[in-house]
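Here the structure is laid out as structure tokens; the discussion comes afterwards.
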Amino acid sequence: MTDLSHIRNFAIIAHIDHGKSTLADRLIQMCGGLTEREMKEQVLDSMDIERERGITIKAQTVRLLYDAKDGTRYTLNLIDTPGHVDFAYEVSRSLAACEGSILVVDASQGVEAQTLANVYKAIEADHEIIPVLNKVDLPAAESDRVRQQIEDVIGLDASNAVEISAKTGFGVDVLLEAIIERLPPPIGDREAPLKAMLVDSWYDTYLGVTCLMRVHDGVLKKGQKIKMMQTGATHLVERVGVLTPKGLAVDSLGPGEVGFINASIKTVADTQVGDTITEEKRPTATALPGFNPSVPVVFCGMFPVDAADFEDLRESLERLRLNDASFQFEAETSAALGFGFRCGFLGLLHLEIIQERLEREFDLELITTAPSVIYKVHLTNGETIELHNPADMPDVVRIRSIEEPWIKATIFVPDDFLGAILSLCTERRGEQIDLTYAGNRAMVVYRLPLNEVVFDFYDRLKSISRGYASFDYQIDDYQESDLVKLSILVNQEPVDALSMIVHKGQAESRGRVMCGKLKDLIPRQLFKIAIQAAIGGKVIARETVSALRKDVTAKCYGGDISRKKKLLEKQKEGKKKMRQFGQVEIPQSAFIAALKMDA
Amino acid sequence: MAHPAANSQISVDRDEPIGLYVHWPFCKAKCPYCDFNSHVVEAVDHPRWCAALVRELQTMAARIGPRRVASVFFGGGTPSLMEPDTVDAILSDARRLFRFNNGCEITLEANPTSVEAKKLDGFRDAGITRVSLGVQALSDDVLRFLGREHTAAEALAAVRVARNRFENVSFDLIYARPDQSITAWREELVRALDLGLDHLSLYQLTIEPTTPFHARHARGEFTIPDEEAGAALFEATQEIMASAGLPAYEISNHARPGAACQHNLIYWSYQDYLGIGPGAHGRITNQHTRGLAKIATRTHRAPSIWLDRVEAHGHALVDDLPIPAEDALIEATLVGLRLIDGLPRTRWRALFGVEPEVLFAPDTLAPLIEGGFLEVDSVGLRATAAGRQRLDAVTARLIQGACPQAIVPAPDRAMVNSTAARS
């Protein structure tokens, strides 16, 4: 067990691509955590998707041993925080496990929306913060301007910011010394009853569930019977260790220390991030503050393109959930898309990550319906239901009012694109709260309905700002809105997968767009096809796919018969992917394409 | 049974005549729209090819046993590039191996060049009774676009030469070409009709994969009429030809009454045909399987490999498989509905032992009939004019509702027949 004064626990806060993972790698290397051979680029981002997207999904940690210039060996625990808005709660728990943060800002890019959101979380967590300007070796670096921006926008003293290049290693030695000098050591009482926070947990095929812990008081050791204060579950600690980042068994973890335990926990869903762990027979009196169960806010249907893959999809979802308790799923049936699952996610990125992992790691071809949020539907009989699937919308006559979730969005944007961003926000029913300038960049704060954000907002934001706008949000509150269920009908039959809940003022234009898309996507057939958008019984937009006028092979002789038959067999095979609407059959691919155009 | 005439008709006509198809795979030049099995070579060893075609014919004849022949068709490629002696040798052998019907139709496809026109006498002397000329268009600009080796004047001259030597002459035209107006097509057709022939094949230009046209079309070098314009041209064609006394008897084939090509009718009424030469297909009930199932045959399509194999083994078959009943139903539907008269009940019964209504699910058949695409009556099942114009969609739909389980296999039919006869 390490003397408290020789421990420093810190997080790195950075925008995507500002060099967080590269810096982490450099720190590990300089403290000898891994040999040259074991070093892979960005060691901590272990998933392919994380590495490809340059983001960290699961919080990960590494214990470093640093021999400082004062001749003392320090234990540095670097807790790598998840880098995206969807994982805001996980970020706050990771920060709660540290006493200080390193704020990494790209010296050529400057402060971004996400940096701001996370640095505020660190300030809230009473962190000591070391501003770091990264990539100072690049010709485009503007250290002074960015230093000024940090002071203006964040309000942090940046005069003693450390200038580094994580890539070349320049300045990293200075940073290590600054960590020792400027970040406070943890405090804790090793004689007090055990009080530790569950920072994160993940599933390991050999060890089962592994929990990352930060000990505040007391000692966590092998053989101890521990209790999770939120869930009330008790477990026997079988293994205690630290991550170097390889797992290394230790006898115990004392106050201020960060490490992992294995305790025969079956699934990650049995562990709640932020939960307080104590000793069963000598429990601590009070739990650590700030626990929040993580709740999905964005929902969508996921269907296998090939109906035969349904069981594979279920199995894959279960496998993913082993390691990510924050997403939920339940079976769902759609007339247009067949059997699938209704899934709930922490946010859009979370949705995309899960979707991508299913397709890539589990080799499944998926159809994803338009994302939806949770609506609170107040019924005339006084009941309130939570609605996260447009298909479950009660009949209009039973509805008294509907509330939808709003978010508070912070957008950083170069002022060239400000006008376009403001009109996007207005178009999406946004209410401006704040607009300030920092140099040539504007910071706008808007309240926006979440439902408008899950509908291609992020893509639009990126495209109209040519990728320069950065965006962060937090869930604000629920607010009553004039919302309606927009149904899409093909030959008078509703296509459940395409129905959506929209603001009344946008129903007509959204309906018209969807009808137009389907008209282009549905091939002409022997019979004409009516496509309608309707609210309740009222049709608000319509299109017609006219009947085929000519479709006949000019030549068919002896040798062509086999060829023609093969073509027909192919069509017959394709029939499995057709959905019958009255006299017409619509290829499932048309619905998939219509849904894809939304995303 | 719904139709009392059924029992008297269900025995398979053991002596149903067959068509004989001979493929000549060589052309002087490859047309950019053509995806047939045609090859351009420096020189052809005619005696060697003649011997091989005769050899394969003999092998096939031995396999299928004695049959009557209703038509012979020399197709290609460009069969008018054959030596008349080769045609003569094949026909002489065929007459020795099979019984030829009286008035057996013997067709040769010919390019309407002056060189080939000079060979027509030789082909007539070899036994050819019908010539089908690949005229394709009546303007030189279009002929150049189509990559043809002849001029319009040359083609018209060839038609006249042929008309004086053969009782049956037909030619092909390709329409729905880039920028072709209905007016221009009407004028072209009138000129074609002025030649006074009894048969014309009128094909809409189709961009086939793997052809030079496909690549050029994909690159946007030219466009062809879209569905609407193509439909208008198709409709105009039907009307012009009907009022000229040569109505369509099949999607793309027009003839005066009684002048339909017998060989084509064999294909479209799903009768037996024997195919020889590279890449030739056949549908044949042989002496061992007669009444049970047709055999689908196909020979190797590469000329040199075909030649080697025939010389080594007597044939170059690469496919030689019985056609399952459900596939036969698909094939018969596919071709039969191309005919203006569809297939008569007698034909459905002969092929499948039952009436056409039971071969397709009622919920498939009914909407197609109600929609005005199919007709079924005491004569048979056929596509309407509207149905023929959209036949690919109609057949695709119909075949999805095919009920092959309703087919009564031929031996069972015979039993039903004999039981009925005893009672």
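Quick note, the sequences are listed as chains P and V, same order. Position 563, counted from 1, in the first sequence is what numbering that gives the first Met the number 0 calls 562; the numbers after and before it change by one each time, with no gaps. Position 156, counted from 1, in the second sequence is what numbering that gives the first Met the number 0 calls 155; the numbers after and before it change by one each time, with no gaps. By construction, the Cβ of each residue, glycine as well, lies at the ideal position given by its N, Cα and C atoms. Quick caveat: nothing in here was measured; it's all calculated off a predicted structure.
Open item on the list: Could you tell me the alpha carbon to alpha carbon distance between V:Gly-121 and V:Val-160, rounded to whole angstroms?
Closed with: 13 Å
- [ ] Jot down the residue ranges of each uninterrupted alpha helix (DSSP H) in the stretch 177 to 212 of chain V, minimum 4 residues, whole runs only, in chain order.
- [x] 181 to 192
- [ ] Taking C-beta pairs closer than 7 Å, name the residues in chain P that V:Ser-251 reaches, listed in chain order.
- [x] Ala-553, Lys-554
Open item on the list: Does P:Tyr-436 pass the burial test, meaning 16 or more other C-beta atoms within 10 Å, or should it be called exposed?
Closed with: exposed
Task: Integer Cβ distance of P:Glu-402 from P:Glu-479, believed to fall under 8 Å - done: Right, the Cβ-Cβ distance comes to about 5 Å (below 8 Å), so this counts as a contact.
Task: Helix, strand or coil at P:Glu-256 according to DSSP, with G and I counted as helix - done: P:Glu-256 falls in the coil class under three-state DSSP.
Open item on the list: Judging by CA-CA distance, which residue of V:Leu-119, V:Val-134, V:Leu-316 is the nearest neighbour of V:Ile-127?
Closed with: V:Leu-119
- [ ] Would you check if the distance between the CB atom of P:Ile-225 and the CB atom of P:Ile-276 is smaller than 8 Å?
- [x] yes
Task: Reference P:Ile-373; option with closest CA among P:Gly-346, P:Leu-460, P:Phe-298, P:Glu-351 - done: For the options P:Gly-346, P:Leu-460, P:Phe-298, P:Glu-351, the alpha carbon positioned closest to that of P:Ile-373 is the one of P:Phe-298.
- [ ] Report yes or no: do the stretch 543 to 553 of chain P and the stretch 514 to 532 of chain P share at least 3 C-beta pairs separated by less than 8 Å?
- [x] They touch, by the three-pair rule.
Open item on the list: Pull the bridge partners of P:Gly-343 from the DSSP assignment, please.
Closed with: P:Phe-298, P:Gln-327
Open item on the list: On the DSSP letters alone, give me the boundaries of the alpha helix (DSSP H) that V:Met-240 sits inside.
Closed with: 226 to 242
- [ ] For P:Ser-293, name the three-state secondary structure that DSSP assigns.
- [x] coil
Task: Exposed unless 16 or more other CB atoms sit within 10 angstroms - verdict on V:His-45 - done: exposed
Task: Under 8 Å (Cβ pairs) to chain P, residues found in the stretch 380 to 406 of chain V - done: Arg-387, Gln-388, Arg-389, Leu-390, Asp-391, Ala-392, Val-393, Thr-394, Ala-395, Arg-396, Ile-398, Gln-399
TODO: Would you check if there are 3 or more beta carbon pairs closer than 8 Å linking the stretch 379 to 393 of chain P to the stretch 426 to 433 of chain P?
DONE: No, they do not touch.
Open item on the list: Using 8 Å as the cut-off, can you tell me whether the stretch 398 to 406 of chain V makes contact with the stretch 353 to 361 of chain V, which would need three or more C-beta pairs spanning the two stretches below that distance?
Closed with: yes
TODO: For V:His-312, count neighbouring C-beta atoms within 10 Å of its own C-beta (all shown protein chains included) and say buried if the count is 16 or more, exposed if not.
DONE: exposed
Open item on the list: Helix, strand or coil, according to DSSP, for P:Glu-351 in the structure here?
Closed with: helix
Open item on the list: Going by C-alpha to C-alpha distance, which of P:Thr-368, P:Asp-143, P:Ala-419 sits closest to P:Val-135?
Closed with: Of the listed residues, the one whose Cα sits closest to P:Val-135 is P:Asp-143.
- [ ] Give the DSSP-derived three-state secondary structure of P:Arg-279 in the structure shown.
- [x] The sequence shown places Glu at residue 279 of chain P, rather than the Arg named in the question. Coil.
- [ ] Classify V:Tyr-20 as buried or exposed, calling it buried when 16 or more other Cβ atoms lie within 10 Å of its own Cβ.
- [x] buried
Open item on the list: Using a Cβ-Cβ cutoff of less than 8 Å, which residues in the same chain neighbour V:Thr-209 once the five nearest sequence positions on both sides are dropped?
Closed with: Asp-34
- [ ] Taking only the alpha-carbon atoms, compute the straight-line gap between P:Glu-49 and P:Met-499 and give it to the nearest angstrom.
- [x] With a pLDDT of only 47 at P:Glu-49, under the threshold of 50, the placement of this residue in the model should not be trusted; the figure read from the coordinates follows. Spanning the two alpha carbons is a distance of roughly 31 Å.
Task: V:Gly-400 and V:Phe-359 closer than 8 Å at C-beta - done: yes
Open item on the list: With the cut-off set at 8 Å, would you say V:Ala-315 and V:His-299 are in Cβ contact?
Closed with: yes
- [ ] Please list the residues of the stretch 405 to 433 of chain P that have a C-beta atom closer than 8 Å to any C-beta atom in chain V, keeping them in chain order.
- [x] none
Open item on the list: As an exercise, report each continuous alpha helix (DSSP H) stretch of at least 4 residues that is fully enclosed by the stretch 62 to 126 of chain V, in chain order.
Closed with: 83 to 96, 113 to 125
- [ ] Flag this pair as yes or no: are the beta carbons of P:Asp-85 and P:Leu-434 separated by less than 8 Å?
- [x] no
Open item on the list: Give me the DSSP bridge partner(s) of P:Lys-554.
Closed with: None, per the DSSP bridge assignment.
Open item on the list: Which residues in chain P have a C-beta closer than 9 Å to the C-beta of V:Pro-366? List them in chain order.
Closed with: Leu-525, Phe-526, Gln-582
- [ ] Could you give the DSSP three-state label for P:Pro-586: helix, strand or coil?
- [x] strand
Open item on the list: I'd like to confirm the pairing. Which residues does DSSP put opposite P:Pro-493 in its beta bridges?
Closed with: Per DSSP, P:Leu-488.
Open item on the list: So, does the stretch 240 to 247 of chain V touch the stretch 49 to 58 of chain V, judging by three or more C-beta pairs under 8 Å?
Closed with: no
Open item on the list: Suppose contacts are defined by Cβ-Cβ distances below 8 Å. Is P:Ile-617 in contact with P:Val-118 by that definition?
Closed with: No answer is possible for residue 617 of chain P: the residues shown for chain P start at 0 and end at 598.
- [ ] Find out if the Cβ-Cβ distance for the pair P:Leu-3, P:Ile-186 is shorter than 8 Å.
- [x] yes
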